[in-house]
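First the structure, in the form of structure tokens, and then the observations on it.
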Amino acid sequence: MIKIVLATNNAHKVSEFKGCFNQKGIDIEIVTLKEIGFCGDIIEDADSFEGNAYIKAKAICDYTGEIAVADDSGLVVDALNGAPGVYSARYAGENSSDSDNIEKLLNELDKLGEVPRTAKFVCCICAVRPDGEKLFVRGESAGEILKELKGEGGFGYDPVFFCPDFGKTFAQLTSEEKNSISHRGRAIEKLAENLDFFKA
């Protein structure tokens, strides 16, 4: 049994982590911020996904004295020069909802007229040990942004992110399909290839 302190309270992320490890036959216990009693604020002010993931993982490692894992992920749209990027969760402002962020994204693309709507989801996971050792893994998933929402599943920008491999949006995929192709699924797969890091 591998135990991971995951720097999140996002139930969707916890489910994806568990699902990806289980699909690989790895028995894992995931402990969330709420479960360790952490209720402080972690300021994610880095200009990269890797930087923000490290900030979160380091803070929770220091708090618990145990190995901590954090991810930072977001949507990178080519026509918007990489936006929303590290600001994906708050693209429409602090405390913005998924629908607020999607609305802003579609409006920004509409302003540009008929441009390529290619994009990718990026996920960077960082694990930090109490001895200071760090591990970074990164996963990406390419697709394009639709002009309207499709699908009821997923979260974030999933309803407008079209995945050519399946011919569906992320919000239309089953959890198994999404884990096999998603940026987070691919990053977790790389994390699962480095289990020795968690046993040291």
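Just so we're aligned: 1127 in my numbering is position 187 of the sequence shown, and the numbers increase by one with no gaps anywhere.
A virtual CB, placed ideally from N, CA and C, is assigned to each residue, including glycine.
Asked                                                                                                                   : Found
VAL1009 classed as buried or exposed, judged by whether at least 16 other C-beta atoms fall within 10 angstroms         : buried
Best match in ASP1002, GLU1133, GLY1125 and GLU984 for proximity to CYS960 [C-alpha to C-alpha]                         : GLY1125
Beta strand (DSSP E) segments (min. 3 residues) lying fully within the stretch 970-1031                                 : 1008-1017
The beta strand (DSSP E) enclosing ARG1078, as first and last residue numbers                                           : 1074-1085
The stretch 1048-1064 in contact with the stretch 998-1016 per 3-pair CB rule at 8 Å                                    : yes
Given 8 Å, three or more beta-carbon pairs between the stretch 1072-1080 and the stretch 1115-1133                      : yes
Rounded Cβ spacing between ARG1103 and ILE1085 (contact assumed at less than 8 Å)                                       : Looking at the sequence shown, residue 1103 is not Arg but Cys. Actually they do not touch by this definition, with Cβ atoms about 12 Å apart.
Status (buried if at least 16 other CB within 10 Å, exposed otherwise) for GLU956                                       : buried
Segment limits, beta strand (DSSP E) that includes ILE966                                                               : From DSSP, ILE966 is part of no beta strand (DSSP E); its letter is neither H nor E.
Neighbour-count burial assignment, VAL1026, 16 or more Cβ in a 10 Å radius                                              : buried
Opening and closing residue of the alpha helix (DSSP H) in which ALA1132 lies                                           : 1123-1132
Beta carbon of LEU1075 nearer than 8 Å to that of PHE1137                                                               : yes
In DSSP terms, what PHE1102 is bridged to                                                                               : GLU1084 and THR1109
Residues of its chain near ASP987, where Cβ-Cβ distance is below 7 Å and the 5 sequence neighbours each way are ignored : VAL1026
Distance, VAL971 Cα to ALA999 Cα                                                                                        : 15 Å
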